[in-house]
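Below is one structure, written out as structure tokens; the observations come after it.
Numbering (the numbering used here), first residue to last: 737 to 966.
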């Protein structure tokens, strides 16, 4: 049975997910909350290996193969990290989850959304976040924020692909439960203030148990690692 709180940060590449997640995790831990900060694809040794394949620029991957690799990674991550941590009462802070697959492989690649949703349910056995925050930035931010950094396979996609992904995020955020959209094309402190306020409301709804310090919850879950993008 899920006892903890499951929070997901979503958004297109370079939307600031890692920056905001690291800051939020530090502040929650400073207040005595047990936090498991993880990412997708990744979070386990198997999932990290799949991540390397998915983001490697040397590969040309069919959209359906790409989707199935993401879902395989998600199964391992859900069962090895997410469910055990939540069962022990931790606040799980995950960079990317099922909404990423809907936005990238559904809206971006053009795969049928009902099929993606069905595979998401299978991969997670129905585990859903208590809160999903989508950080929204213009498509131009992909290259403008750090032009010297080497781009991965998905980041190298054409601008129309990234436009479809962003449009998908914006549309889905309005339709899905427990999902909010935050303008991330602002100073970092302003974005964080909005994010923090949303998270605080969710934690308050879950009562004092969401604030209690606990023993480290699960093998494979990171408490200090710097996470990266989809």
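For each residue, glycine too, the CB sits at the ideal point set by N, CA and C. As the structure is a computational prediction, the values presented were derived from the model and not from experiment.
- Measuring C-alpha to C-alpha distances from residue 845 to each of 751, 893, 911 identifies 893 as the nearest.
- For residue 747 and residue 908, the gap between their C-alpha atoms comes out near 11 Å.
- Here residue 793 is exposed: its Cβ has fewer than 16 other Cβ atoms, across all protein chains shown, within 10 Å.
- Per DSSP, residue 888 lies in no beta strand (DSSP E) segment and is marked neither H nor E.
- In the three-state reduction of the DSSP assignment, residue 746 falls in the strand class.
- When DSSP states are grouped into helix, strand and coil, residue 919 belongs to the strand group.
- Bounds of any beta strand (DSSP E) do not take in residue 765; it lies within the alpha helix (DSSP H) bounded by 753-766.
- At the C-beta level, residue 773 and residue 829 come within 7 Å of one another.
- A check of alpha carbon separations from residue 930 across 918, 859, 849 identifies 918 as the nearest.
- Between the stretch 774-783 and the stretch 812-832, the count of Cβ pairs shorter than 8 Å is three or higher; the stretches touch.
- Around the beta carbon of residue 798, a 10 Å sphere encloses fewer than 16 other beta carbons of the protein chains shown; the residue is thus reported as exposed.
- With respect to residue 754, residue 871 sits apart: the two C-beta atoms are not nearer than 7 Å.
- For residue 828, the secondary structure class from DSSP, reduced to helix, strand or coil, is strand.
- As the crow flies, the alpha-carbon of residue 934 is around 29 Å from that of residue 890.
- Every unbroken stretch of the beta strand (DSSP E) spanning 3 or more residues and falling wholly within the stretch 771-810 is given here in chain order: 771-775.
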